[in-house]
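Engineer: Residue numbers (the working numbering): 286 to 755. The structure is given below, and queries will be raised subsequently.
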Ligand code: GDG
């Protein structure tokens with residue numbers, strides 16, 4: 286196996302005194318360590334006329350190489366095209382999508398800068414694994430510079446069908462960019478369907494019987510394998526974290542403040558894809574339609590602020606502030622606050638303890654590539670007395686988490702009914718549902734995901750590709 290080179294916009298370079306990273310970073314670090322690998326990306330710093338050559342450090346058996354970006358380029362690339370064009374588009378939110386040619390050009394330029402900085406660091410047998418929507422054109426740029434290495438791409442967010450993607454002025458070009466990869470991976474069968482539909486309808490490319498498409502890149506014929514690889518978490522590690530955190534001061538304080546009321550818990554980045562206003566309306570429907578829960582249940586929502594430089598995120602913050610206030614105004618008693626809304630991040634172990642304390646995990650995005658919170662909530666449960674997951678059918682996680690109560694987040698009353706069912710569910714049923722989900726999570730870990738993607742990339746028959754090149 287060659288050296289693995291991971292590329293992502295942000296790089297989790299370990300810093301002294303920093304809390305343990307999440308499952309994704311851990312899984313990537315495991316495969317990097319095993320192959321003596323390199324992680325390449327943006328340093329997190331902006332400066333005028335940045336150095337072209339990357340800064341390199343080695344930590345805990347992994348090499349890291351990062352570049353700084355020009356502030357204007359970074360703004361157009363990240364806040365602009367990545368998060369204000371591609372993010373809403375890939376989450377089916379055309380009404381929130383904006384488009385600006387200058388930002389599209391910054392996106393291309395940053396991808397080119399990344400490719401130019403990475404190329405001199407690559408050996409001939411390296412296997413390159415590029416991550417997510419910020420980096421789609423990077424393989425095109427690497428191939429244009431002559432890179433012959435195996436290059437894989439994984440998209441963490443949903444892949445919409447052509448009817449949606451075609452709203453983007455650059456849609457065809459972005460699809461052609463994917464043809465520069467040897468393997469393109471998405472989270473779910475539904476996303477794979479979207480990807481195949483785009484290739485067929487936009488470019489007239491139908492997959493062959495092994496699930497690959499053939500196209501031309503930089504004058505050469507290539508074949509790109511398409512497949513789904515559902516991401517997971519470090520299931521055992523998270524379960525242990527939650528078990529320990531349950532005895533920690535924060536979870537104890539939370540439990541004491543709840544008395545004998547039940548807790549419904551949700552936690553995410555404050556992002557419009559996560560359906561937070563809909564979730565609050567669903568909770569309000571529970572209180573309205575099932576008044577037996579009045580003063581018996583509290584909903585705790587942790588919403589870590591994110592992408593504050595994008596206007597739609599600031600608007601969402603205002604909407605949530607007002608909704609939480611209104612629900613509390615309508616239903617609170619002098620000794621009971623129905624919604625506890627914390628608009629900032631909590632420590633990872635605190636969150637794990639809170640998940641475990643939750644009788645219901647409420648995870649209802651409008652669209653989500655996978656949604657790791659759903660998986661973490663299940664992993665955090667006490668096997669003797671597990672809680673119930675209420676999950677949006679539009680989360681990638683819904684494809685594999687058969688023990689969850691699935692809801693359409695747009696239907697507030699249906700969410701209220703699912704919450705009622707979850708709060709009243711007998712122990713036997715809770716255990717059966719939890720066990721079936723936990724079995725899946727123990728098989729589909731983050732490490733398995735990384736290994737299976739890389740195994741597929743490394744096993745692709747590229748001699749065939751060279752014949753095509755000849
Ligand atoms: C993208 C895709 C896909 C949340 N609040 C706090 C906190 N978190 C942690 C969670 C979880 C992570 O952040 C969020 O992961 P998700 O998967 O739920 O969502 P995205 O950030 O949108 O991730 C998604 C994922 O990529 C991986 O492929 O599943 O669909 O959108 O680990 O626990 N962590 C801490 N404090 C918080 O307040 N420490």
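Beta carbons: idealized from backbone N, C-alpha and C, even for Gly. Since this is a predicted model, take the numbers as computed values, not measurements.
#1: My output table needs one value for residue 415: the three-state DSSP class, helix, strand or coil.
#2: Residue 368 to residue 681, Cα distance in whole Å?
#3: Mind checking who residue 331 pairs with in its DSSP beta bridge?
#4: Please report the residue range of the beta strand (DSSP E) in which residue 589 lies.
#5: May I ask you to list the residues that DSSP assigns as paired with residue 442?
#6: Would the beta-carbon of residue 561 fall within 8 Å of that of residue 509?
#7: Are the region 528-540 and the region 479-489 touching, with three or more C-beta to C-beta distances below 8 Å?
#8: Mark residue 332 as exposed unless 16 or more other C-beta atoms lie within 10 angstroms of its C-beta, in which case mark it buried.
#9: Which of helix, strand or coil does DSSP assign to residue 658?
#10: Can you name the start and end residues of the beta strand (DSSP E) that residue 551 belongs to?
#11: Taking the alpha helix (DSSP H) that residue 538 falls in, what are its first and last residues?
#12: Quick check: the Cα distance between residue 339 and residue 686, rounded to an integer number of angstroms?
#13: Since I believe residue 652 is in contact with residue 446 (beta carbons under 8 Å), could you give me their beta-carbon distance rounded to a whole number of angstroms?
#14: Comparing C-alpha positions only, which one of 479, 500, 311 sits nearest to residue 466?
#15: Which residues in the same chain as residue 556 place their Cβ atom closer than 8 Å to its Cβ, once the five residues preceding and following it in sequence are excluded?
#16: Alpha carbon to alpha carbon, what distance is there between residue 636 and residue 414?
#17: Would you decide whether residue 336 is buried or exposed? Buried here means 16 or more other CB atoms lie within 10 Å of its CB.
#18: Could you check whether residue 473 and residue 727 sit closer than 8 Å to each other, using their CB atoms as the reference points?
#19: For residue 442, verify whether its CB is less than 7 Å away from any heavy atom of ligand 1.
#20: Nearest to residue 399 by alpha carbon, out of 587, 379, 364, 358?
#21: Less than 8 Å between the beta carbons of residue 471 and residue 430, yes or no?
#22: Per the contact definition of three or more C-beta pairs closer than 8 Å, is the region 359-366 in contact with the region 339-348?
#23: Suppose contacts are defined by Cβ-Cβ distances below 8 Å. Is residue 427 in contact with residue 325 by that definition?
#24: Using the rule of at least 16 other Cβ atoms within 10 Å of the residue's Cβ for burial, across every protein chain shown, is residue 619 buried or exposed?
#25: Given residue 684, which residues of its chain have a CB within under 8 Å of its CB, disregarding the five upstream and five downstream residues?
#26: Is the region 602-616 touching the region 637-652, taking contact as three or more C-beta pairs under 8 Å?
#27: Comparing the CB of residue 467 with every heavy atom of ligand 1, is any distance shorter than 7 Å?
#28: Rounded to a whole number of angstroms, what is the C-alpha to C-alpha distance between residue 755 and residue 502?
#29: Could you pull out every residue in the same chain whose Cβ sits closer than 8 Å to the Cβ of residue 695, ignoring the five residues on either side in sequence?
#30: Please state the DSSP three-state secondary structure of residue 679.
#31: Using a Cβ-Cβ cut-off of 7 Å (strictly less than) and excluding sequence neighbours within five positions of residue 279, which residues of its own chain qualify?
#32: Alpha carbon to alpha carbon, what distance is there between residue 585 and residue 468?
#33: According to DSSP, is residue 755 helix, strand or coil?
#34: Going straight from the alpha carbon of residue 595 to that of residue 559, what length do you get?
#35: Taking 8 Å as the limit between beta carbons, can you name the residues of its chain near residue 497, skipping five residues before and five after?
#36: Is the beta carbon of residue 608 sitting closer than 8 Å to the one on residue 705?
Structural biologist: Straight from the coordinates:
#1: Your numbering for residue 415 matches position 130 in the chain shown. Under the three-state reduction of DSSP output, residue 415 falls in the strand class.
#2: Within the chain shown, numbered from 1, the residue matching residue 368 stands at position 83. Within the chain shown, numbered from 1, the residue matching residue 681 stands at position 396. The alpha-carbon atoms of residue 368 and residue 681 are separated by roughly 20 Å.
#3: Position 46 of the chain shown holds residue 331. In the DSSP assignment, residue 331 forms a beta bridge with 354.
#4: For this step, residue 589 is matched to residue 304 along the chain shown. Boundaries of the beta strand (DSSP E) around residue 589: 582-589.
#5: To locate residue 442, count along the chain shown from 1; it is residue 157. None, per the DSSP bridge assignment.
#6: Locating residue 561 in the chain shown gives position 276, where the first residue counts as 1. Locating residue 509 in the chain shown gives position 224, where the first residue counts as 1. Annotated as distal: residue 561 and residue 509, with beta-carbon spacing of 8 Å or more.
#7: Note that the region 528-540 does not touch the region 479-489; fewer than 3 beta-carbon pairs, one per stretch, sit closer than 8 Å.
#8: Locating residue 332 in the chain shown gives position 47, counting from the first residue. Label assigned to residue 332: exposed.
#9: Locating residue 658 in the chain shown gives position 373, where the first residue counts as 1. Residue 658 sits in a helix when the DSSP states are folded into three classes.
#10: As a first step, residue 551 is located in the chain shown; it is residue number 266 there, counting from the start. Counting along the chain, the unbroken beta strand (DSSP E) around residue 551 starts and ends at 547-554.
#11: If you number the chain shown from 1, residue 538 lands on position 253. Annotation for residue 538: the continuous alpha helix (DSSP H) segment containing it runs 534-543.
#12: Within the chain shown, the letter at position 54 stands for residue 339. Within the chain shown, the letter at position 401 stands for residue 686. Approximately 41 Å between the Cα atoms of the pair.
#13: As a first step, residue 446 is located in the chain shown; it is residue number 161 there, counting from the start. As a first step, residue 652 is located in the chain shown; it is residue number 367 there, counting from the start. No, residue 446 and residue 652 are not in contact; Cβ-Cβ is about 13 Å, not under 8 Å.
#14: Here residue 466 corresponds to residue number 181 of the chain shown, with the count starting at 1. The shortest C-alpha separation from residue 466 is found at 500.
#15: As a first step, residue 556 is located in the chain shown; it is residue number 271 there, counting from the start. Annotation for residue 556: 591, 592, 598, 601 place their beta carbon closer than 8 Å to its own, counting only its chain and skipping 5 residues before and after.
#16: Working through the chain shown from its first residue, we reach residue 414 at position 129. Working through the chain shown from its first residue, we reach residue 636 at position 351. Taking the straight line from one Cα to the other gives about 30 Å.
#17: Stepping through the chain shown from its first residue, residue 336 is reached at position 51. Label assigned to residue 336: exposed.
#18: Residue numbering aside, residue 727 sits at position 442 when the chain shown is read from its first letter. Residue numbering aside, residue 473 sits at position 188 when the chain shown is read from its first letter. The answer is no: Cβ separation not under 8 Å.
#19: Residue mapping note: residue 442 aligns to position 157 of the chain shown, counting from 1. Correct: residue 442 has its Cβ closer than 7 Å to ligand 1.
#20: Position 114 of the chain shown holds residue 399. When 587, 379, 364, 358 are compared, the shortest CA-CA separation from residue 399 is found for 358.
#21: Here residue 471 refers to the residue found at position 186 when the chain shown is read from its first residue. Here residue 430 refers to the residue found at position 145 when the chain shown is read from its first residue. Going by beta carbons, residue 471 and residue 430 fall outside the 8 Å limit.
#22: With the cut-off at 8 Å, the region 339-348 and the region 359-366 do not touch.
#23: Position 142 of the chain shown holds residue 427. Position 40 of the chain shown holds residue 325. No, they are not a contact pair.
#24: Here residue 619 refers to the residue found at position 334 of the chain shown. The residue is exposed, with fewer than 16 neighbouring Cβ atoms inside 10 Å.
#25: Against the chain shown, residue 684 aligns to sequence position 399. Hits under 8 Å: 473, 474, 475, 515.
#26: At 8 Å Cβ cutoff, the stretches do not touch.
#27: On the chain shown, residue 467 is found 182 positions in, with the first residue counted as 1. Flag unset: Cβ of residue 467 not near ligand 1.
#28: Working through the chain shown from its first residue, we reach residue 755 at position 470. Working through the chain shown from its first residue, we reach residue 502 at position 217. Residue placement at residue 755 is flagged as unreliable, the pLDDT there being 45, under the threshold of 50; the coordinate-derived value follows with that caveat. Between the alpha carbons of residue 755 and residue 502 lies a gap of roughly 14 Å.
#29: Position 410 of the chain shown, counting from 1, holds the residue named residue 695. Taken in chain order, the residues that qualify are 563, 651.
#30: On the chain shown, residue 679 is found 394 positions in, with the first residue counted as 1. It is coil, neither helix nor strand.
#31: Summary: the structure shown does not reach residue 279, with the chain confined to residues 286 through 755, and so no result is reported for it.
#32: Residue numbering aside, residue 468 sits at position 183 when the chain shown is read from its first letter. Residue numbering aside, residue 585 sits at position 300 when the chain shown is read from its first letter. Taking the straight line from one Cα to the other gives about 41 Å.
#33: Taking the chain shown and counting its residues from 1, the one referred to as residue 755 is at position 470. Bear in mind that the predicted position of residue 755 carries a pLDDT of just 45, short of 50, making it unreliable; the figure below should be weighed with that in mind. Residue state, collapsed to three classes: coil.
#34: Residue numbering aside, residue 595 sits at position 310 when the chain shown is read from its first letter. Residue numbering aside, residue 559 sits at position 274 when the chain shown is read from its first letter. Their backbone Cα atoms lie some 16 Å apart in a straight line.
#35: Position 212 of the chain shown holds residue 497. The residues are 508, 509, 510, 511.
#36: Here residue 608 refers to the residue found at position 323 when the chain shown is read from its first residue. Here residue 705 refers to the residue found at position 420 when the chain shown is read from its first residue. In this structure, residue 705 does not lie closer than 8 Å to residue 608 by Cβ.
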